[in-house]
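A.B. asks: If you scroll down you'll find the structure; I have some questions about it.
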Amino acid sequence: GRGGAGSPSSSCSEPGPAAWVGAPPSASLERGWWAGSPVRTAMTSPLHTVIPLLCVFLSCSLGRCDLTDAGCGDLSAVLRANQSLTELELSYNKLGDAVVQLLCEILKHPNCKLQRLGLAGCYLTDAASADLATVLRTSQSLTELDLSGNNPGDAGVQLLCEALKHPNCKLQRLGLRSCHLTDTDCGDLAAVLSTNQSLIELDLSGNNPGDAGVRLLCEALKHPNCKLLYICRLKDADCEYLTAVLRTSQSLTELQLGANRLRDSGVQLPVHIVITLLCLSLSCSFLRGRLTGACCEDLAAVFRANESLTELDLSYNNLRDGGMQLLCKGLTHPNCKLQRLELQGCFLTHVCCGDLAAVFRTNHSLTELNLSENKLGDAGVEAPSQASEVLGNSEELRPHFQSCSAPSSSHCDTSHQIFKDLHIGC
């Protein structure tokens, strides 16, 4: 998964740690979750109890467990003893640089097989970056590192970037969300993207690097080694740099513009130029992009022009029924190959559902549609239901409804022939 993903908390119905100690590493004991449990000292806490258990797990999550440096001595012993542990999630604990220094000494050992390390929100500074940089240069197993929500500073980012450029570095995914990155940091990261042979995913969301930083990153995106990049807080002017990249990039296949300051003006020029963007992308997200129905004509043109775009997320934009009607014109075009469309929370009502029904009758590629958190009502769901009767039964399409609390169950039942996944929440 992407760096920093949440973890389920432990359940009281599950057997306690003492019952599992000494058990062999089996499929049922592949993961250990203690996320959200307060753990303050190693000798008086659940951590001390589960330490022997951790020696048999392949994956362990201790995120948000109130861990501090005082409780991590035994944890380091586990890492030394357990040579099969491949994932360790320690995010959102107040670990500090000293604990990371201790962990890094173990991570550098050739017997360590850890592949994913989560250290988001662990109060780390540039001192921790120095130790982690050493690991990146030496570890043959670590491929995913999440440092989001820390403040490494320019010096720390520079140290990490120097390590990422090292030929021995195997890291594929790096999370730097909300790390107060500057344009200087973006310059260092751009150099990484131009030289690193392994990094395929870089998450920079939640940062505000400014125009200069975005420009540097966009230039680096042209490099064939870069496969995916998250950029947050883009302004309309930044789209010009981005679209120039997308004309030349041969490898960027997924673009997420969520939580950016893009408005319709930023889409009309780019998405027309962002049509270039989308034509080179297999997947694109404008999640929470502050778009309105005014941009939907341009987006509909994308559907007509691009036969490679298969996923588009427009959730939580103010599209409304007028915008949806424009989108549907593109969705009914025979060139449209879109398979998955997210329209959650787009202020849609029953008014647009007749147009959606027309899409259902003519579009043979769309298999997943999310209409959750819209006000469709019974009248809105009835039109897609009637469309399903026209389509008839299909053994290949097996839909399910995320929520049908408002529409009557009869409408939900008759729509079961339409999609593999149809989410309608009202």
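Using full-length UniProt numbering, the letters of the sequence shown map in sequence onto residues 1 to 426.
A virtual CB, placed ideally from N, CA and C, is assigned to each residue, including glycine.
1. Ignore the nearest five residues each way along the sequence and tell me which others in S198's own chain have a CB closer than 7 Å to its CB.
2. If you drop the 5 nearest sequence neighbours on each side, which residues of the same chain put their C-beta closer than 6 Å to that of T68?
3. Straight-line CA distance for G36 to L62?
4. On the CB-based measure, 16 or more other CB atoms within 10 Å of its CB, does P110 come out buried or exposed?
5. Quick one: residues in its chain with C-beta nearer than 8 Å to the C-beta of L343, no 5 flanking neighbours on either side, listed in chain order?
6. Applying the criterion that 16 or more other CB atoms from any shown protein chain within 10 Å of the CB defines a buried residue, is L299 buried or exposed?
7. Mapping the DSSP letters down to three states, classify T68 as helix, strand or coil.
8. From the DSSP output, in three-state form, read off G345 for me.
9. By how many angstroms is the C-alpha of R304 removed from the C-alpha of E389?
10. Please classify Q158 as buried or exposed, where buried requires at least 16 other C-beta atoms within 10 Å of its C-beta.
11. With contact counted as at least three CB pairs below 8 Å, one residue from each stretch, are the stretch 207 to 215 and the stretch 144 to 161 in contact?
12. Express the C-alpha separation of C122 and K108 in angstroms, rounding to a whole number.
13. Go ahead and pull the three-state DSSP assignment for K94.
14. Could you check where the beta strand (DSSP E) with L62 kicks off and where it finishes?
15. Which residues does DSSP list as the beta-bridge partners of T292?
16. Using the three-state DSSP reduction, which class does G149 fall into: helix, strand or coil?
17. Helix, strand or coil for S9 per DSSP?
18. Determine the contact status of C336 and S365, defining contact as a CB-CB distance below 8 Å.
19. Taking DSSP's pairing of strands, which residues face K375 in a bridge?
20. Does the distance from the C-beta atom of L147 to that of L119 stay below 8 Å?
21. Suppose the cutoff is 6 Å on Cβ atoms and the five residues either side in sequence are ignored; what does the same chain contact list for G96 look like?
22. Since G213 and D183 should fall inside the 8 Å C-beta cutoff, what is the C-beta to C-beta distance between them, to a whole number of angstroms?
23. In angstroms with no decimal places, state the Cα-to-Cα distance between G345 and A357.
24. State the beta-bridge partners of D185 as determined by DSSP.
25. Identify whether G175 lies in helix, strand or coil by the three-state DSSP scheme.
26. So, at 6 Å on beta carbons, what are the nonlocal neighbours of L181 in its own chain, with the 5 sequence-adjacent residues on each side left out?
27. Could you name the residues of the same chain whose beta carbon sits closer than 7 Å to that of T195, not counting the 5 residues immediately before and after it, in chain order?
28. By a C-beta neighbour count over all protein chains shown, 10 Å radius and 16 as the cutoff for buried, is S84 buried or exposed?
29. Taking C-beta to C-beta, are L79 and L117 nearer than 8 Å?
30. If we count the other Cβ atoms within 10 Å of its Cβ and call it buried at 16 or more, is residue 514 buried or exposed?
31. Output the boundary residues of the beta strand (DSSP E) element that contains E89.
32. A190 to H223, Cα distance in whole Å?
33. So, are the CB atoms of L341 and L376 less than 8 Å apart?
34. Assuming L216 is part of the alpha helix (DSSP H), what are its boundary residues?
35. Beta-carbon separation of residue 442 and G293 under 8 Å?
36. On a Cα-Cα basis, can you pick out the residue from T349, E144, V100 that is closest to residue 458?
C.D. replies: Based on what the coordinates show:
1. C169, K170, L171, Q172
2. K94
3. With a pLDDT of 40 at G36, under the threshold of 50, the modelled position of that residue is not reliable, and the figure given next carries that caveat. So the two alpha carbons sit approximately 8 Å from each other.
4. exposed
5. L314, S315, L319, M324, L369, N370, L371, N374
6. buried
7. strand
8. coil
9. Residue confidence for E389 is low, a pLDDT of 44 falling below 50, so the modelled location carries little weight and cannot support an answer.
10. buried
11. no
12. 20 Å
13. Look at K94 here: in three-state DSSP terms it is strand.
14. The continuous stretches of beta strand (DSSP E) do not include L62, and DSSP gives it neither H nor E.
15. N318
16. coil
17. Caution applies to S9, whose pLDDT of 34 falls short of 50 and renders its modelled position unreliable; the model cannot decide the point.
18. yes
19. T349
20. yes
21. The residues are D69, Y123.
22. 4 Å
23. 19 Å
24. Per DSSP, none; premise fails for D185.
25. strand
26. N207, P209
27. K165
28. exposed
29. no
30. The requested residue 514 is not part of the displayed model; the chain covers only 1 to 426.
31. 87 to 89
32. Near 10 Å, if we compare the C-alpha coordinates of H223 and A190.
33. In this structure, L341 sits away from L376, with a CB-CB distance that is not shorter than 8 Å.
34. That run of the alpha helix (DSSP H) goes 210 to 221.
35. Outside the displayed span of the chain (1 to 426) sits residue 442, for which this structure offers no information.
36. Because the chain here runs from 1 to 426, residue 458 falls outside it and cannot be looked at.
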